[in-house]
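So the structure is just underneath, and the comments pick up after that.
Protein chains: 2
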Amino acid sequence: MALDHAILVSLLEQPGSGYELARRFDRSIGYFWTATHQQIYRVLKRMESDGWIDVREVPQQARPDKKEYSVADLGRAALSQWLHEPIEPESVRHDLAVKIRGAAFDDPAALIREVERHHQAHSDRLAHYLAGELRDFTGPEAPSAPDAGQELQHVVLRGGIAYERMTLDWLDDVLATLRRLASDH
Amino acid sequence: MALDHAILVSLLEQPGSGYELARRFDRSIGYFWTATHQQIYRVLKRMESDGWIDVREVPQQARPDKKEYSVADLGRAALSQWLHEPIEPESVRHDLAVKIRGAAFDDPAALIREVERHHQAHSDRLAHYLAGELRDFTGPEAPSAPDAGQELQHVVLRGGIAYERMTLDWLDDVLATLRRLASDH
DNA sequence: TCCTTCTATGCAACTCGTTGCATAGACAAG
DNA sequence: CTTGTCTATGCAACGAGTTGCATAGAAGGA
Numbered sequence: 001m002a003l004d005h006a007i008l009v010s011l012l013e014q015p016g017s018g019y020e021l022a023r024r025f026d027r028s029i030g031y032f033w034t035a036t037h038q039q040i041y042r043v044l045k046r047m048e049s050d051g052w053i054d055v056r057e058v059p060q061q062a063r064p065d066k067k068e069y070s071v072a073d074l075g076r077a078a079l080s081q082w083l084h085e086p087i088e089p090e091s092v093r094h095d096l097a098v099k100i101r102g103a104a105f106d107d108p109a110a111l112i113r114e115v116e117r118h119h120q121a122h123s124d125r126l127a128h129y130l131a132g133e134l135r136d137f138t139g140p141e142a143p144s145a146p147d148a149g150q151e152l153q154h155v156v157l158r159g160g161i162a163y164e165r166m167t168l169d170w171l172d173d174v175l176a177t178l179r180r181l182a183s184d185h
Numbered sequence: 001m002a003l004d005h006a007i008l009v010s011l012l013e014q015p016g017s018g019y020e021l022a023r024r025f026d027r028s029i030g031y032f033w034t035a036t037h038q039q040i041y042r043v044l045k046r047m048e049s050d051g052w053i054d055v056r057e058v059p060q061q062a063r064p065d066k067k068e069y070s071v072a073d074l075g076r077a078a079l080s081q082w083l084h085e086p087i088e089p090e091s092v093r094h095d096l097a098v099k100i101r102g103a104a105f106d107d108p109a110a111l112i113r114e115v116e117r118h119h120q121a122h123s124d125r126l127a128h129y130l131a132g133e134l135r136d137f138t139g140p141e142a143p144s145a146p147d148a149g150q151e152l153q154h155v156v157l158r159g160g161i162a163y164e165r166m167t168l169d170w171l172d173d174v175l176a177t178l179r180r181l182a183s184d185h
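Below, the structure is given as structure tokens:
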């Protein structure tokens, strides 16, 4: 149910259309939440009919018109209420770990390629996060006196960076283990 | 769709009933996958009718009879096929990060308690993982020459431990940030 | 000229995951 | 003696998430 709230937060940071939200969910929001455009349009429709958000039709040239959404008082109140409710620490779902334990009943060496692919993907993601951090928070273009919103965005991004670094270290450990098992054959 | 495969791996490691699987998913499998007993019973039923697993009725005294499942050839083949298919690196869903960014539009100080609760929960989980590692892999009772399956279980557990440590460090960072914002009020 | 990509929104069908409820005997604690 | 917990399985309903498809104009490249 947190997709609602992720959308509200994003719209508070910057009003926008469903399409724009979908792109943000591929970028900065993607650090901590994912959603397809289908999910987003459906939730926007529901929140609009519940009076949580307002719509404004924005005509455009050379591209389709869009509906720009912004957060209404009811939405702000709903977000605030959710912020004050405790939530459970997330439960993990890690496909790769299933594969690693499954490899005991198959060929561990066959997993090496796959793990290397994941290593590359996480390495790319880390580079992307670091570039974003430099651009928005630590580089020369960054605000010298960040406001609360920027401080909080930065600490979330630092979480993403820490996660990717930890994952890369762990994947190195996994690769070393798989290679050891393969050479012992 | 990886619940199927997580169950197959668990049944290969040790045949068992739906109830026993549900408990494993609260314990060791819970390091990397979660599922309720409802999900598990439904998937077991489907896999049985697809011939992936075999059932054996086991009568018991002083407790209800149980159905012990074990992996059939078809299930082993399905697992093996899945192991050879590439999978996408997981997408993240982190409620707490939504809350942290949302706090910019509410009261950051009000989140401190919540973050402390999460810190405690992750700290408990870390202690639990470390106890399991000592018991099964690094303590005096552990096998001196672990087989491939144990090596792979250990590397997955090391991933869980690294994740919890990283998360605790990050939550410290989050708390420091929230406290700074609260004192600047 | 045709093919693809980008912007922008949406329906329909499906699978996956969660929640509430139900049964039922055995055992332990208050 | 009642209440709660543990073992063990399951139905029904709902909500969340995924996949495939559809529309439609504009721009850019082969």
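Chains as they are written, first to last, in full-length UniProt numbering: chain A, 1 to 185; chain E, 1 to 185. C-beta: ideal position from N, C-alpha, C; glycine also. Keep in mind it's a predicted model, so treat the numbers as computed, not measured.
**Request:** Using a cut-off of 7 Å between C-beta atoms, extract the partners of Met166(A) located in chain E.
**Result:** As a working mapping, residue 166(A) is identified with position 166 in the first sequence. Chain E residues near Met166(A): Ala162, Tyr163 and Met166.
**Prompt:** Between the beta-carbon of Val155(A) and the beta-carbon of Asp136(E), is there less than 8 Å?
**Reply:** Counting from 1 along the first sequence, the entry for residue 155(A) is found at position 155. Counting from 1 along the second sequence, the entry for residue 136(E) is found at position 136. For Val155(A) and Asp136(E), no; Cβs fall outside 8 Å.
**Asked** Which partner residues does Asp54(E) have in the DSSP bridge list?
**Response** As a working mapping, residue 54(E) is identified with position 54 in the second sequence. Looking at the DSSP assignment, Asp54(E) forms a beta bridge with Ser70(E).
**Asked** Any idea what DSSP makes of residue 186(E), helix, strand or coil?
**Response** Here chain E covers residues 1 to 185 and nothing more, so residue 186(E) does not appear.
**Prompt:** Would Leu168(A) pass as a contact of His94(A) if the rule is Cβ separation under 8 Å?
**Reply:** Along the first sequence, read from residue 1 onward, the residue named residue 168(A) stands at position 168. Along the first sequence, read from residue 1 onward, the residue named residue 94(A) stands at position 94. Going by C-beta atoms, Leu168(A) is not nearer than 8 Å to His94(A).
**Prompt:** At a Cβ threshold of 8 Å, is Val52(A) touching chain E?
**Reply:** The residue given as residue 52(A) occupies position 52 in the first sequence. The residue you asked about is not Val; residue 52(A) is Trp in the sequence shown. For Trp52(A), the answer is no, since every Cβ of chain E falls outside 8 Å of its Cβ.
**Request:** Find the nearest neighbour of Asp124(E) within the set Asp107(A), His84(A), Pro89(A) and Ala77(A), judged by alpha-carbon distance.
**Result:** For the purposes of this step, residue 124(E) is taken as residue 124 along the second sequence, with counting starting at 1. Answer by Cα proximity: Pro89(A).
**Asked** Between Glu68(E) and the rest of its own chain, which residues show a CB-CB distance below 6 Å, the 5 nearest in sequence each way excluded?
**Response** One-based indexing of the second sequence puts residue 68(E) at position 68. Cβ within range, chain order: Pro15, Ser17, Arg56 and Val58.
**Prompt:** Relative to the alpha-carbon of Leu83(E), which residue among Ala103(A), Arg46(A), Asp147(A) and Ala176(A) has its alpha-carbon at the smallest distance?
**Reply:** On the second sequence, residue 83(E) is found 83 positions in, with the first residue counted as 1. Nearest of Ala103(A), Arg46(A), Asp147(A) and Ala176(A) to Leu83(E), Cα basis: Ala103(A).
**Request:** Would you mind stating whether Leu44(A) and Phe105(E) have Cβ atoms separated by less than 8 Å?
**Result:** Numbered from its first residue, the first sequence carries residue 44(A) at position 44. Numbered from its first residue, the second sequence carries residue 105(E) at position 105. The answer is no: Cβ separation not under 8 Å.
**Item:** Distance, Leu181(A) Cα to Gly30(A) Cα
**Value:** Here residue 30(A) refers to the residue found at position 30 when the first sequence is read from its first residue. Here residue 181(A) refers to the residue found at position 181 when the first sequence is read from its first residue. C-alpha separation (whole angstroms): 36 Å.
**Prompt:** Leaving out the 5 sequence neighbours to the left and right, which residues in its chain are closer than 7 Å to Thr34(A) when beta-carbon positions are compared?
**Reply:** Numbered from its first residue, the first sequence carries residue 34(A) at position 34. For Thr34(A), where only same-chain residues beyond five positions count, the Cβ hits under 7 Å are Phe25.
**Request:** Kindly indicate which three-state DSSP category His94(E) falls into: helix, strand or coil?
**Result:** Translated into the one-based positions of the second sequence, residue 94(E) becomes position 94. Correct three-state label for His94(E): coil.
**Asked** So Ala148(A) packs on Pro108(E), CB below 8 Å; how close in whole Å?
**Response** Here residue 148(A) is taken as the residue at index 148 of the first sequence, counted from 1. Here residue 108(E) is taken as the residue at index 108 of the second sequence, counted from 1. Between Pro108(E) and Ala148(A) the Cβ distance is about 6 Å, and since that is below 8 Å, they are a contact.
**Message:** So with CB distances below 8 Å, who are the chain A contacts of Asp26(E)?
**Reply:** Here residue 26(E) corresponds to residue number 26 of the second sequence, with the count starting at 1. Ordered by position in chain A, no residue passes the 8 Å Cβ test against Asp26(E), which lies about 10 Å from the chain.
**Request:** Taking the CB atoms as reference points, tell me whether Ile53(A) and Leu11(A) lie closer together than 8 Å.
**Result:** Locating residue 53(A) in the first sequence gives position 53, where the first residue counts as 1. Locating residue 11(A) in the first sequence gives position 11, where the first residue counts as 1. Yes, these two residues count as a Cβ contact at 8 Å.
**Asked** Is it right to say Glu164(E) is buried, meaning 16 or more other beta carbons lie within 10 angstroms of its own, or is it exposed?
**Response** As a position in the second sequence, residue 164(E) is number 164, starting the count at 1. Label assigned to Glu164(E): buried.
**Prompt:** Going by other Cβ atoms of all chains shown within 10 Å of its Cβ, with 16 needed for buried, is Tyr129(A) buried or exposed?
**Reply:** Locating residue 129(A) in the first sequence gives position 129, where the first residue counts as 1. Result: buried.
**Asked** Under the rule that 16 or more other beta-carbon atoms within 10 Å means buried, what is Ser183(A), buried or exposed?
**Response** Along the first sequence, read from residue 1 onward, the residue named residue 183(A) stands at position 183. Exposed, because fewer than 16 other Cβ atoms sit within 10 Å of the Cβ of Ser183(A).
**Request:** Using the Cα positions of Met47(E) and Ala176(E), report the straight-line distance between them to the nearest angstrom.
**Result:** The residue you call residue 47(E) lines up with position 47 of the second sequence. The residue you call residue 176(E) lines up with position 176 of the second sequence. Each residue's alpha carbon lies about 49 Å from the other.
**Asked** What are the boundary residues of the alpha helix (DSSP H) that includes Glu164(A)?
**Response** Stepping through the first sequence from its first residue, residue 164(A) is reached at position 164. Element bounds for Glu164(A): Ala148 to Asp184.
**Request:** Over the uninterrupted alpha helix (DSSP H) stretch that includes Glu48(A), give me the two end residues.
**Result:** As a first step, residue 48(A) must be located in the first sequence, where it is residue number 48. That run of the alpha helix (DSSP H) goes His37 to Ser49.
**Item:** Contacting residues, own chain, Cβ-Cβ under 6 Å from Gly160(E) (five flanking each side not counted)
**Value:** As a first step, residue 160(E) is located in the second sequence; it is residue number 160 there, counting from the start. Cβ neighbours of Gly160(E) beyond the five flanking positions: Tyr31 and Tyr129.
**Prompt:** Looking at Arg101(E) and Leu152(A), is the spacing between their C-beta atoms short of 8 Å?
**Reply:** In the first sequence, the residue the question calls residue 152(A) occupies position 152. In the second sequence, the residue the question calls residue 101(E) occupies position 101. Their beta carbons are under 8 Å apart, which means Leu152(A) touches Arg101(E) by this criterion.
**Asked** Could you check where the alpha helix (DSSP H) with Met126(E) kicks off and where it finishes?
**Response** Here the question's residue 126(E) lines up with position 126 in the second sequence. What sits at residue 126(E) in the sequence shown is Leu, not Met. Start and end: Ile112 to Glu133.
**Request:** Flag Ala109(E) as yes if its beta-carbon sits less than 8 Å from any beta-carbon of chain A, otherwise no.
**Result:** On the second sequence, residue 109(E) is found 109 positions in, with the first residue counted as 1. It does not: the Cβ of Ala109(E) has no partner Cβ on chain A nearer than 8 Å.
**Message:** For a quick check, are the C-beta atoms of Ala2(E) and Val98(A) less than 8 Å apart?
**Reply:** Looking up residue 2(E) in the second sequence gives position 2. Looking up residue 98(A) in the first sequence gives position 98. Result yes, Cβ atoms of Ala2(E) and Val98(A) sit closer than 8 Å.
**Prompt:** Run through DSSP, which three-state label would Ile7(E) get?
**Reply:** Numbered from its first residue, the second sequence carries residue 7(E) at position 7. It is helical.
**Asked** Under three-state DSSP, which class holds Asp26(A)?
**Response** Locating residue 26(A) in the first sequence gives position 26, counting from the first residue. It is helical.
**Request:** Mind reading off the beta-carbon distance from Leu178(E) to Val92(E)? Whole number of angstroms is fine, and I expect it under 8 Å.
**Result:** Here residue 178(E) refers to the residue found at position 178 when the second sequence is read from its first residue. Here residue 92(E) refers to the residue found at position 92 when the second sequence is read from its first residue. Not quite, the Cβ-Cβ distance comes to about 21 Å (not below 8 Å), so this is no contact.
**Message:** I need the DSSP call for Trp82(A), collapsed to helix, strand or coil.
**Reply:** Against the first sequence, residue 82(A) aligns to sequence position 82. It is helical.
**Message:** Here's the rule I'm using: 16 or more other beta-carbon atoms within 10 Å means buried, otherwise exposed. How should Leu96(E) be labelled?
**Reply:** Residue 96(E) sits at position 96 when you count from the first residue of the second sequence. Leu96(E) comes out buried.
**Item:** Which listed residue (Arg27(E), Leu157(E), Tyr19(E) and Leu74(E)) has its alpha carbon closest to that of Pro64(E)
**Value:** For this step, residue 64(E) is matched to residue 64 along the second sequence. If we check each option's Cα against that of Pro64(E), Tyr19(E) comes out closest.
**Request:** Using a threshold of 8 Å, state whether the C-beta atoms of Ser86(E) and Arg76(A) are closer than that.
**Result:** Here residue 86(E) is taken as the residue at index 86 of the second sequence, counted from 1. Here residue 76(A) is taken as the residue at index 76 of the first sequence, counted from 1. In the sequence as displayed, the identity of residue 86(E) is Pro instead of Ser. Cβ distance not < 8 Å, so Pro86(E) and Arg76(A) don't count as in contact.
**Prompt:** Does DSSP put Phe105(A) in a helix, a strand or coil?
**Reply:** Indexing the first sequence from 1 puts residue 105(A) at position 105. In this structure, Phe105(A) counts as helix in the three-state DSSP scheme.
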